[in-house]
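Written below as structure tokens is the structure these notes are about.
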Amino acid sequence: MKNLLSIEEMTADEMREMLALAHRLKAERGRHAEQPLAGQTWALIFSKSSTRTRVSFETGIAELGGRPMFLSTRDIQLGRGEPIKDTARVLGRMIHGAVIRTFAQQDVVDFAAYSGIPTINALTDQEHPCQILADLQTIEEQFGAGSWKDLKISFLGDVDNNMGRSWMWAAKHLGFTLALAGPEQAMPKPETLAALNCPNIICTTNAEEAVRDCAVINTDTWISMGQEAEKGTKEKAFFPYQVNRALLSVAAKNHVVMHCLPAYRGYEITDEVLEANAPVIFREAENRLHAQKAVLCTLAQH
Numbered sequence: 007m008k009n010l011l012s013i014e015e016m017t018a019d020e021m022r023e024m025l026a027l028a029h030r031l032k033a034e035r036g037r038h039a040e041q042p043l044a045g046q047t048w049a050l051i052f053s054k055s056s057t058r059t060r061v062s063f064e065t066g067i068a069e070l071g072g073r074p075m076f077l078s079t080r081d082i083q084l085g086r087g088e089p090i091k092d093t094a095r096v097l098g099r100m101i102h103g104a105v106i107r108t109f110a111q112q113d114v115v116d117f118a119a120y121s122g123i124p125t126i127n128a129l130t131d132q133e134h135p136c137q138i139l140a141d142l143q144t145i146e147e148q149f150g151a152g153s154w155k156d157l158k159i160s161f162l163g164d165v166d167n168n169m170g171r172s173w174m175w176a177a178k179h180l181g182f183t184l185a186l187a188g189p190e191q192a193m194p195k196p197e198t199l200a201a202l203n204c205p206n207i208i209c210t211t212n213a214e215e216a217v218r219d220c221a222v223i224n225t226d227t228w229i230s231m232g233q234e235a236e237k238g239t240k241e242k243a244f245f246p247y248q249v250n251r252a253l254l255s256v257a258a259k260n261h262v263v264m265h266c267l268p269a270y271r272g273y274e275i276t277d278e279v280l281e282a283n284a285p286v287i288f289r290e291a292e293n294r295l296h297a298q299k300a301v302l303c304t305l306a307q308h
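When you line the sequence shown up against our numbering, it's residues 7 to 308, in that order.
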């Protein structure tokens with residue numbers, strides 16, 4: 007595994023190995039026997055703003071012995087129209103790896119191809135693989151490693167966004183039941199479902215159907231970065247999928263609610279539900295550090 011560009015391209019074995027390494031690195035934090043990034047410089051190239059992604063990657067690279075270099079597109083020639091393949095061929099001769107947070111998935115794919123260095127997708131409009139790995143790590147901490155086939159997980163809201171797509175590929179690889187609930191216009195595209203060909207993925211416009219007997223209930227902001235103009239229209243359509251106390255009454259008794267943050271309380275999740283699940287939600291945020299360190303260690307070996 008040379009790059010992490012998507013959950014789609016990972017295998018089930020790679021995901022399990024990555025999660026096992028993330029658990030170990032979390033347990034060993036502050037006393038790592040090895041520094042696999044020693045002497046290396048890794049660039050963080052961000053077109054989108056970030057809190058968790060930037061802090062977790064800068065901290066993780068440093069803890070593994072490397073030097074993080076943050077590059078906003080406002081500060082480099084990408085922001086003035088330089089093709090991604092040209093930026094990639096320059097940086098590939100100077101740095102040891104790149105973490106990219108941007109809009110188009112093709113930009114990450116092209117950077118990896120032209121730079122020749124390990125490349126990590128830290129979020130695109132297509133997928134968010136680092137967040138999913140952290141979420142899966144959190145679920146294993148809650149329910150036990152390898153318990154996937156016994157779990158029903160749901161994702162509510164805009165299920166055709168980067169998180170929804172990443173959750174679908176995770177369900178395909180690991181075998182858990184995934185129930186997606188949202189308005190008709192937010193359902194996964196037929197070609198996406200055809201590519202997945204996964205019978206354990208359920209798509210419904212009924213929020214209660216998705217959450218019924220569910221162990222893990224996930225949601226995300228209804229308005230992704232770049233969609234601000236759609237705010238009014240989306241909010242009206244998505245309110246039936248708000249994660250609230252009434253909806254959770256049909257979930258499994260030992261259920262947990264997760265949110266990849268930032269959360270907009272009173273919209274996709276109520277303040278009451280978020281605070282009741284805060285220990286899990288903020289451990290989920292913390293696990294971005296540990297899951298991403300597992301990715302960095304894995305890529306540094308190739």
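Yeah, the Cβ is synthetic: ideal placement off N, Cα and C, and Gly gets one too.
Scanning its chain for C-beta atoms nearer than 6 Å, with the 5 sequence neighbours on each side dropped, one finds around A243 the residues P189, in chain order. Only buried fits H296, as 16 or more other CB atoms lie within 10 angstroms of its CB.
Sequence-distant partners of R289 (beyond 5 residues in either direction) whose C-beta falls short of 8 Å from its own C-beta, in its chain, are T144 and E147. With a cutoff of 7 Å on beta-carbon distance, L129 and L25 are scored as not near each other. For I208, the uninterrupted beta strand (DSSP E) run begins and ends at I207 to T210, by DSSP. In the three-state DSSP reduction, V286 falls in the helix class (H, G or I).
Straight across, the Cα-Cα distance linking A306 with I208 is about 37 Å. Looking at S121, Q132, Y120 and L97, the one whose alpha-carbon comes closest to that of F109 is Q132.
With respect to G103, P74 sits apart: the two C-beta atoms are not nearer than 7 Å.
According to the DSSP secondary-structure assignment, V222 is paired through a beta bridge with I159 and V262. The three-state secondary structure of T183, taken from DSSP, is strand. The Cβ neighbour count for T304, taken over all protein chains shown within 10 Å, is at least 16; the residue is labelled buried. Residues V249, N250, R251, L254 and V263 of the same chain have their beta carbon placed closer than 8 Å to that of V279, with the five preceding and five following residues left out of the count. Between the C-alpha atoms of V115 and L11 there is a straight-line separation of about 7 Å. The DSSP-derived three-state label of R271 is strand.
Here L50 is bridged, per DSSP, to F76 and V105. For the pair C204 and T183, the Cα-to-Cα distance works out to about 10 Å. Taking each of L70, A118 and V256 in turn and checking the Cα distance to A39, the smallest one comes out for L70. In the structure shown, I123 falls within a coil segment according to DSSP collapsed to helix, strand and coil.
Close CB contacts of K32 within its chain, under the 6 Å cut and outside five residues either way in sequence, are with H296 (chain order).
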